[in-house]
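Note sheet for the following structure.
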Amino acid sequence: MAEAANVRQNLQNVPSIFEISAAETLDNLIYPALSKVFDYFGLRLDFKLWGNLRVREELSPIITWILQYLYLRKRASSFGESFYGLQRTATLTGELLTRQQQFTSATLLTFLPYIERKLRARSVHHENIYAWESQLINLFHVYNASKAVHTFLYLIKYATSHSPLFRALHLTLRYPSEPPKEDKWTYIFLKMLEVLAFFLQFIQWWYSNDQRRKLGGTLQNPEAMPERELPKELKETLPKSGECPVCLLPLQTPTACAVSGYVYCWKCIVIHLKEHGTCPVTSYPITIEDLVRIYET
Numbered sequence: 001m002a003e004a005a006n007v008r009q010n011l012q013n014v015p016s017i018f019e020i021s022a023a024e025t026l027d028n029l030i031y032p033a034l035s036k037v038f039d040y041f042g043l044r045l046d047f048k049l050w051g052n053l054r055v056r057e058e059l060s061p062i063i064t065w066i067l068q069y070l071y072l073r074k075r076a077s078s079f080g081e082s083f084y085g086l087q088r089t090a091t092l093t094g095e096l097l098t099r100q101q102q103f104t105s106a107t108l109l110t111f112l113p114y115i116e117r118k119l120r121a122r123s124v125h126h127e128n129i130y131a132w133e134s135q136l137i138n139l140f141h142v143y144n145a146s147k148a149v150h151t152f153l154y155l156i157k158y159a160t161s162h163s164p165l166f167r168a169l170h171l172t173l174r175y176p177s178e179p180p181k182e183d184k185w186t187y188i189f190l191k192m193l194e195v196l197a198f199f200l201q202f203i204q205w206w207y208s209n210d211q212r213r214k215l216g217g218t219l220q221n222p223e224a225m226p227e228r229e230l231p232k233e234l235k236e237t238l239p240k241s242g243e244c245p246v247c248l249l250p251l252q253t254p255t256a257c258a259v260s261g262y263v264y265c266w267k268c269i270v271i272h273l274k275e276h277g278t279c280p281v282t283s284y285p286i287t288i289e290d291l292v293r294i295y296e297t
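So in the UniProt record's numbering, spot 124 of the sequence shown is number 124, and the numbers just go up one at a time.
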């Protein structure tokens, strides 16, 4: 009876699905904001692991995990959940997180979205992915479908958890009955982190808009050299219409560079991009996102 009373009490002060969704959105803003800052300063892990295997990875997931663990340790909630005044508690007893649940929650909050983002990026960019990576992508599809079902059941008050991960950890989001107990300096430090996170997000927004303005307005496509100015020897080496400027063969899987407008074979431009990071003709810096596949009708 007492256990059932605890369950009813916990269900009475659970948040709406809209507040939970807003908290998740705020959590998802931390990683891209940190990535922009670290990319700007060139802060990455780069070391030789074993043989020819070299690790080139970003620091953003590590810092994100530390931030989330700090909030889970001090306030029993993630960064986004703390901002909306939510708290993670045991579904049956209403108790706060154990040390193991804090560690597990921080790890799942950080590395599940990170792994999914990396796998989807490799798939979208048509990189060669292994069979186990395809299986992981399928598992993420299953997880997202399961989460949608849990969200619907939570919305109609049929489930106590909005996510399969919360259900597996036997946790529920609820409003705390009393504010978290923390010292003055901890409170100030966490508030500074919240302000810093919004500042980082503003930087990301500004950087994205600035890049759109450059690509859309100020960046001029290079004009082709007048043919009369080219030496005879150079004319013979230039690609003809329908040929790739890299391999000088008929275009295979034609792909345009959005920055310069030149068209290449998909394989040629990707190989060149991985080695140099520039357009082969204009030497403009480009990324894989700047490549546009051309489909002929």
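For glycine and all other residues, C-beta sits at the position ideal for the given N, C-alpha and C.
C-beta atoms of residue i and residue j nearer than 7 angstroms
i: Y69; j: S82; result: no
i: T172; j: T91; result: yes
i: T282; j: I269; result: no
i: N13; j: R117; result: no
i: I17; j: L155; result: yes
i: R120; j: I129; result: no
i: L108; j: L26; result: no
i: T151; j: H141; result: no
i: A131; j: L97; result: no
i: E19; j: Y84; result: yes
Residue i classed as buried or exposed, judged by whether at least 16 other C-beta atoms fall within 10 angstroms
i: A41; result: The amino acid at residue 41 is misidentified as Ala; the sequence shows Phe. It counts as exposed.
i: V259; result: buried
i: H276; result: exposed
i: T160; result: buried
i: P15; result: buried
i: L230; result: The pLDDT assigned to L230 is 48, lower than 50, so where the model puts this residue is not dependable; a value taken from the coordinates is nonetheless given after this. Result: exposed.
i: I188; result: exposed
i: A33; result: buried
Close beta carbons around residue i, own chain, < 7 angstroms, minus the five adjacent residues each side
i: E24; result: G80
i: E35; result: As written in the sequence, residue 35 is Ser, which differs from the Glu given in the question. If we look at S35 and ignore the five residues flanking it on each side, its Cβ neighbours are E58 and S60.
i: P176; result: Q87
i: T110; result: P61, T64, W65 and Q68
Own chain partners of residue i with C-beta closer than 6 angstroms, once the 5 adjacent residues on each side are dropped
i: Y114; result: P61
8 angstroms CB neighbourhood of residue i in its chain, flanking five on each side removed
i: T287; result: L273 and G277
i: residue 330; result: In the structure as shown, the chain starts at 1 and stops at 297, and residue 330 therefore has no counterpart that could be examined.
i: T104; result: L169
Below-7 angstroms beta-carbon distance, residue i vs any chain D residue
i: T172; result: Given the protein chain composition of this structure (a single chain), no chain D is represented.
* Asked: Are three or more beta carbon pairs between the segment 245-252 and the segment 263-271 nearer than 8 angstroms?
  -> yes
* Which full runs of the alpha helix (DSSP H) of 4+ residues lie inside the segment 56-108, going along the chain? -> DSSP runs (the alpha helix (DSSP H)) wholly in the segment 56-108: 60-75 and 79-83.
* Asked: What runs of the beta strand (DSSP E), each 3 residues or longer, lie entirely inside the segment 148-183?
  -> 171-174
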